[in-house]
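Structure first, commentary second.
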Amino acid sequence: EKWLSGLIDLTTHEATRLWISGDHTPMPLRFEENKNSSIPRITVPGGINFLSLGNYNTLSKHYKKRKFFIHSEAFTHVCLNKNEMIKVANKLIEKINRFSLPTILAIPMGGFSSEDIKGGSLENIELRETFKNVVLRKANKNVEVVICKEHISSKSFANKLFDNFNKLKNKNGEHLGSQ
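Here this note's numbering is used: the first residue of the sequence shown is -10, the next is one more, and so on.
Shown next, in the form of structure tokens:
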């Protein structure tokens, strides 16, 4: 029975742990499509602007020089540098380009995480621009890149995701309904 008809992958922060640094469990199928049951998908670079590392006191001097946010006693979020963002953006768009159904990559240019906002500890407009530029250059014809001015946590961004999700599902003969 088909119990899942679509996916909005809003929190993709595992990408930085998988492809740059940080603690994680093995996730060989993360960002892969199940070829036996392809479904419409929207991907958002949620939390992709930081490395999720350990307690602040355990960080190397290298990481302590960057912008950071102490998430909890156990985790410190450290801002990516430009080269790391280029690597993550390239790897993520490589994975998304392999999806068999049309898909959307929605980019919230107002910020990728709770602290990537005006005045936030991890605010970095340049990283958002870097991500956007990489994926716009590399996305294939099956990937629609939707640029949104809103922050990832805003209600207006959520509404745009909903509208785009409905549009994507309609391409496949399904309709989600009203809000």
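Think of the CB as a built atom: it goes at the ideal place given N, C-alpha and C, for glycine as much as any other residue.
Cβ neighbours of residue i in the same chain (closer than 7 Å, five flanking residues each side left out)
i, result
"F88", "E22, R30, N131"
"V124", "A78, I82, L94, V134"
"I85", "T32, T92, L94, V132"
Same chain only: Cβ atoms within 8 Å of residue i, ignoring 5 sequence neighbours per side
i, result
"W8", "K76, V77, K80"
First and last residue of the uninterrupted alpha helix (DSSP H) at residue i
i, result
"S26", "Neither: S26 is in no alpha helix (DSSP H) and is coded neither H nor E."
"T119", "114 to 127"
Buried or exposed (CB count within 10 angstroms, at least 16 for buried), residue i
i, result
"T119", "buried"
"G100", "buried"
"H140", "buried"
"I59", "exposed"
"A4", "buried"
Residue from the options with nearest C-alpha to residue i
i, options, result
"N70", "S110, L40, S61", "L40"
Own chain partners of residue i with C-beta closer than 6 Å, once the 5 adjacent residues on each side are dropped
i, result
"I96", "K121, I136"
"N159", "none"
First and last residue of the uninterrupted beta strand (DSSP E) at residue i
i, result
"V132", "132 to 137"
"Q30", "In the sequence as presented, Gln is not what sits at residue 30; that position holds Arg. Where R30 is concerned, the enclosing beta strand (DSSP E) stretches over 30 to 32."
"D(-2)", "-4 to -2"
"I93", "92 to 97"
C-beta atoms of residue i and residue j nearer than 8 Å
i, j, result
"G27", "L90", "Note that residue 27 is Ser in the sequence shown here, rather than Gly. Closer than 8 Å, so yes."
"T1", "I37", "yes"
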